[in-house]
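First residue of the sequence shown: 1, per UniProt numbering; consecutive thereafter. Note that the Cβ used here is the ideal one computed from N, Cα and C, for glycine as well.
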Amino acid sequence: MTIAYLDSRKIEGKFIGGLLSVDERGIPVEFKYTDPVVPNELQKILYGSSIDTYLKGELIAKTLLKKMEKKPDFVFVHDPELLEVDDRLLLIAERTEKLETPTRVSEEEVLLPFKGSSVKIVGKVSDEDMKKLADLLETFDVMEPFQRLERALEYLCSEK
(Lines of atoms letter the chains of each structure in order from A and count residues from 1; the text may use other names and numbers.)
(Lines give C-alpha, C1' and ligand atoms only; values in the text may rest on other atoms or scores of the structure.)
Protein backbone atom coordinates (compact mmCIF):
# COMPACT_ATOMS: atom_id res chain seq x y z
CA MET A 1 0.00 0.00 0.00
CA THR A 2 1.20 3.50 -0.83
CA ILE A 3 -0.01 6.65 0.92
CA ALA A 4 0.79 10.10 -0.46
CA TYR A 5 0.84 13.37 1.47
CA LEU A 6 0.32 16.61 -0.41
CA ASP A 7 1.07 20.00 1.11
CA SER A 8 1.19 23.45 -0.41
CA ARG A 9 2.02 26.40 1.81
CA LYS A 10 3.36 29.92 2.11
CA ILE A 11 6.68 30.19 3.96
CA GLU A 12 8.28 33.61 4.44
CA GLY A 13 6.45 35.04 1.42
CA LYS A 14 7.34 32.08 -0.81
CA PHE A 15 4.81 29.51 -2.01
CA ILE A 16 6.06 25.93 -2.15
CA GLY A 17 4.55 22.50 -2.36
CA GLY A 18 5.58 18.93 -1.84
CA LEU A 19 4.25 15.44 -2.31
CA LEU A 20 5.65 12.62 -0.17
CA SER A 21 4.59 9.03 -0.87
CA VAL A 22 5.34 6.38 1.74
CA ASP A 23 4.65 2.67 2.08
CA GLU A 24 2.62 1.19 4.94
CA ARG A 25 5.74 1.25 7.15
CA GLY A 26 6.34 4.96 6.52
CA ILE A 27 9.35 4.46 4.25
CA PRO A 28 9.48 7.08 1.46
CA VAL A 29 8.91 5.74 -2.05
CA GLU A 30 8.59 9.07 -3.88
CA PHE A 31 9.16 12.76 -3.16
CA LYS A 32 8.31 15.63 -5.49
CA TYR A 33 8.41 19.33 -4.78
CA THR A 34 8.10 22.66 -6.54
CA ASP A 35 10.64 25.43 -6.47
CA PRO A 36 9.50 28.31 -4.26
CA VAL A 37 7.27 30.77 -6.12
CA VAL A 38 7.24 34.48 -5.24
CA PRO A 39 4.41 36.38 -6.92
CA ASN A 40 5.35 39.74 -8.40
CA GLU A 41 3.42 42.95 -7.67
CA LEU A 42 1.34 42.76 -10.85
CA GLN A 43 0.24 39.21 -10.03
CA LYS A 44 -0.69 40.29 -6.50
CA ILE A 45 -2.80 43.12 -7.92
CA LEU A 46 -4.49 40.98 -10.58
CA TYR A 47 -5.25 38.01 -8.33
CA GLY A 48 -6.03 40.04 -5.21
CA SER A 49 -7.14 37.95 -2.24
CA SER A 50 -7.40 34.81 -4.41
CA ILE A 51 -3.64 34.62 -5.05
CA ASP A 52 -2.96 32.22 -2.15
CA THR A 53 -5.72 29.85 -3.29
CA TYR A 54 -4.57 30.02 -6.91
CA LEU A 55 -0.88 29.42 -6.19
CA LYS A 56 -1.35 26.70 -3.56
CA GLY A 57 -4.07 24.82 -5.43
CA GLU A 58 -4.16 25.48 -9.13
CA LEU A 59 -0.45 26.03 -9.72
CA ILE A 60 1.38 23.96 -7.09
CA ALA A 61 -0.91 21.10 -5.99
CA LYS A 62 -2.12 20.26 -9.51
CA THR A 63 1.45 20.28 -10.82
CA LEU A 64 2.61 17.88 -8.11
CA LEU A 65 -0.28 15.48 -8.70
CA LYS A 66 0.57 15.37 -12.42
CA LYS A 67 4.24 14.64 -11.63
CA MET A 68 3.44 11.57 -9.48
CA GLU A 69 5.11 8.52 -10.96
CA LYS A 70 3.38 5.88 -8.83
CA LYS A 71 -0.34 5.93 -8.20
CA PRO A 72 -0.89 5.86 -4.41
CA ASP A 73 -3.82 4.14 -2.72
CA PHE A 74 -4.65 7.36 -0.85
CA VAL A 75 -3.60 11.02 -1.11
CA PHE A 76 -3.99 12.94 2.16
CA VAL A 77 -4.08 16.71 2.64
CA HIS A 78 -4.66 18.76 5.78
CA ASP A 79 -5.66 21.99 4.06
CA PRO A 80 -9.41 21.97 3.26
CA GLU A 81 -8.84 24.37 0.32
CA LEU A 82 -6.85 21.69 -1.48
CA LEU A 83 -9.81 19.27 -1.57
CA GLU A 84 -11.21 21.12 -4.57
CA VAL A 85 -8.05 20.50 -6.62
CA ASP A 86 -8.66 16.80 -7.32
CA ASP A 87 -11.27 14.14 -6.51
CA ARG A 88 -8.58 11.75 -5.24
CA LEU A 89 -7.66 13.98 -2.32
CA LEU A 90 -8.75 13.16 1.22
CA LEU A 91 -8.70 15.67 4.05
CA ILE A 92 -7.50 14.01 7.25
CA ALA A 93 -7.71 15.59 10.69
CA GLU A 94 -7.03 14.23 14.17
CA ARG A 95 -9.86 14.42 16.68
CA THR A 96 -9.91 14.05 20.45
CA GLU A 97 -13.16 12.07 20.40
CA LYS A 98 -12.60 8.42 21.35
CA LEU A 99 -14.05 6.02 18.83
CA GLU A 100 -14.27 2.21 18.92
CA THR A 101 -15.52 1.40 15.42
CA PRO A 102 -15.35 3.05 11.99
CA THR A 103 -18.34 5.32 11.40
CA ARG A 104 -19.68 6.82 8.19
CA VAL A 105 -21.04 10.28 9.01
CA SER A 106 -22.07 11.13 5.46
CA GLU A 107 -21.31 10.15 1.89
CA GLU A 108 -18.04 12.10 2.05
CA GLU A 109 -17.09 11.93 5.73
CA VAL A 110 -15.90 9.03 7.87
CA LEU A 111 -14.57 8.78 11.42
CA LEU A 112 -12.02 6.10 12.22
CA PRO A 113 -10.40 4.96 15.49
CA PHE A 114 -6.79 6.15 15.80
CA LYS A 115 -4.33 5.98 18.72
CA GLY A 116 -6.99 6.04 21.45
CA SER A 117 -8.95 8.82 19.78
CA SER A 118 -10.04 9.20 16.14
CA VAL A 119 -9.43 10.80 12.76
CA LYS A 120 -11.94 12.44 10.46
CA ILE A 121 -11.52 11.83 6.75
CA VAL A 122 -13.39 13.98 4.24
CA GLY A 123 -13.55 13.06 0.57
CA LYS A 124 -14.66 10.20 -1.62
CA VAL A 125 -14.19 7.10 0.54
CA SER A 126 -15.81 3.84 -0.54
CA ASP A 127 -16.75 1.19 2.02
CA GLU A 128 -13.77 -0.86 0.81
CA ASP A 129 -11.43 2.13 1.27
CA MET A 130 -12.88 2.77 4.71
CA LYS A 131 -11.94 -0.80 5.71
CA LYS A 132 -8.42 -0.41 4.23
CA LEU A 133 -7.93 2.86 6.11
CA ALA A 134 -9.21 1.40 9.39
CA ASP A 135 -6.73 -1.49 9.04
CA LEU A 136 -3.90 0.92 8.18
CA LEU A 137 -4.62 3.11 11.21
CA GLU A 138 -4.14 0.15 13.54
CA THR A 139 -0.45 -0.13 12.65
CA PHE A 140 0.63 3.17 11.10
CA ASP A 141 0.75 6.78 12.33
CA VAL A 142 -0.86 8.40 9.30
CA MET A 143 -0.31 11.93 10.63
CA GLU A 144 3.48 11.76 11.15
CA PRO A 145 4.54 12.02 7.46
CA PHE A 146 2.89 15.47 7.34
CA GLN A 147 5.53 16.62 9.85
CA ARG A 148 8.35 15.27 7.67
CA LEU A 149 6.89 16.94 4.60
CA GLU A 150 6.51 20.26 6.43
CA ARG A 151 10.15 20.14 7.61
CA ALA A 152 11.33 19.26 4.09
CA LEU A 153 9.46 22.23 2.60
CA GLU A 154 10.86 24.58 5.24
CA TYR A 155 14.35 23.26 4.47
CA LEU A 156 13.86 23.76 0.72
CA CYS A 157 12.62 27.33 1.25
CA SER A 158 15.63 28.16 3.41
CA GLU A 159 18.01 26.82 0.74
CA LYS A 160 16.63 28.96 -2.11
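Should residue i go down as buried or exposed, given a rule of 16 or more other Cβ atoms within 10 Å for buried?
| i | result |
| --- | --- |
| K98 | exposed |
| V142 | buried |
| I45 | exposed |
| L133 | buried |
Run through DSSP, which three-state label would residue i get?
| i | result |
| --- | --- |
| T53 | helix |
| E150 | helix |
| S106 | strand |
| V85 | helix |
| L112 | strand |
| T96 | coil |
| S126 | coil |
Between the beta-carbon of residue i and the beta-carbon of residue j, is there less than 9 Å?
| i | j | result |
| --- | --- | --- |
| K131 | I92 | no |
| R145 | G26 | Residue 145 is actually Pro in this sequence, not Arg. It is a contact, given that the beta carbons lie within the stated cut-off. |
| L65 | L19 | yes |
> Pairing CB atoms from the stretch 63 to 71 with CB atoms from the stretch 20 to 30, are three or more of them under 8 Å?
Replying inline: Verdict: yes, contact present.
> Should the stretch 48 to 64 be called in touch with the stretch 83 to 90, which here means at least 3 C-beta pairs below 8 Å?
Replying inline: Taking 8 Å as the limit for Cβ pairs, the verdict is that the stretch 83 to 90 does touch the stretch 48 to 64.
>> With three or more C-beta pairs closer than 8 Å as the rule, is the stretch 34 to 41 touching the stretch 7 to 23?
In response: Touching, per the Cβ criterion.
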